[in-house]
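For the sequence shown, the UniProt record's numbering assigns the number 187 to the last residue and increments by one with no breaks. A virtual CB, placed ideally from N, CA and C, is assigned to each residue, including glycine.
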Amino acid sequence: MTSDDTGADAGFAELISRYEKWRRIYSYAGKPVRDELIWGDGRLNLRYGYPHMDWTAYVIEPKDNGYNVLRVTTERRNEPHERLVGFFSHLDDAGKYVIWYVGESLRMYCSLPPLTPSWRAAGLDPRVKQISLDKYVSKYEFRDDPSRYFVPQVGGVQPENRLLPLTYDELDAQLLDGMPESVTSRL
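Okay, structure coming up:
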């Protein structure tokens, strides 16, 4: 865990609650429900399609001073392949990253436009500062609280920078925008 296990435990409880909410939303939308969360080797695994061929997952791995988010796939592989997506200084930002992915997937399943293209077109959120660390590596820092940041493993201005200033509720509202009333009326 991190230096503040109590805070981390509360953060994981919030993330788990949010993930379970999105599992219910998938059900309300009549789409295949994502797998239940699994703890293993001190990491939180958010899998989809396990144990079937081509299952995928996001993994949140506590590290010193933050959390790695990894993407796992078995597509065209005998063994799972893990790839670091990014490092997040705060658990709720790592959690929002995963919820963003889960919500975007459902939006596409429901033939709704994903948020990613509009976020990409909008560029860097004015509440976020981009700091170049190396060629193709940037740190995105929340201006109001520089201790809140993430370092993605890709270059350029990433649409994920828009997650830092959002709360879980604000992210949910954006992801649910345009969802059928048959889904939203059940929340």
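- [ ] Please classify A10: does DSSP put it in a helix, a strand, or coil?
- [x] helix
- [ ] Might you give, ordered along the chain, the residues of its own chain that have their beta carbon closer than 6 Å to the beta carbon of W22, omitting 5 neighbours on each side?
- [x] V102
- [ ] Would you mind sorting A121 into buried or exposed? The rule is 16 or more other CB atoms within 10 Å of its CB.
- [x] exposed
TODO: Please go through the same chain and pick out, in chain order, the residues whose beta-carbon is closer than 6 Å to the beta-carbon of G95, but skip the five residues on each side of it.
DONE: L15
TODO: Tell me whether Y109 is buried or exposed, calling it buried when 16 or more other Cβ atoms sit within 10 Å of its Cβ.
DONE: exposed
Open item on the list: Which runs of the beta strand (DSSP E) at least 3 residues long sit entirely within the segment 25-60? Give them in chain order.
Closed with: 38-40, 43-48
- [ ] Report the rounded CA-to-CA distance for L37 versus W55, giving the unit in angstroms.
- [x] 14 Å
- [ ] Identify whether Y140 lies in helix, strand or coil by the three-state DSSP scheme.
- [x] strand
- [ ] Pick out whichever of L166, T184, V59 has its Cα sitting closest to the Cα of H81.
- [x] V59
Open item on the list: Am I right that D93 and L164 are in contact with their C-beta atoms under 8 Å? What's the rounded C-beta distance?
Closed with: 6 Å
Task: Opposing strand residues paired with G66 [DSSP bridges] - done: K63
Open item on the list: Looking at L46: is its Cβ nearer than 8 Å to the Cβ of F12?
Closed with: no
- [ ] Assign S89 to one of two classes, buried (16 or more other C-beta atoms within 10 Å of its C-beta) or exposed (fewer than that).
- [x] buried
Task: Bridge-paired residues (DSSP) for Y149 - done: E141
- [ ] Would you mind stating whether V69 and G86 have Cβ atoms separated by less than 8 Å?
- [x] yes
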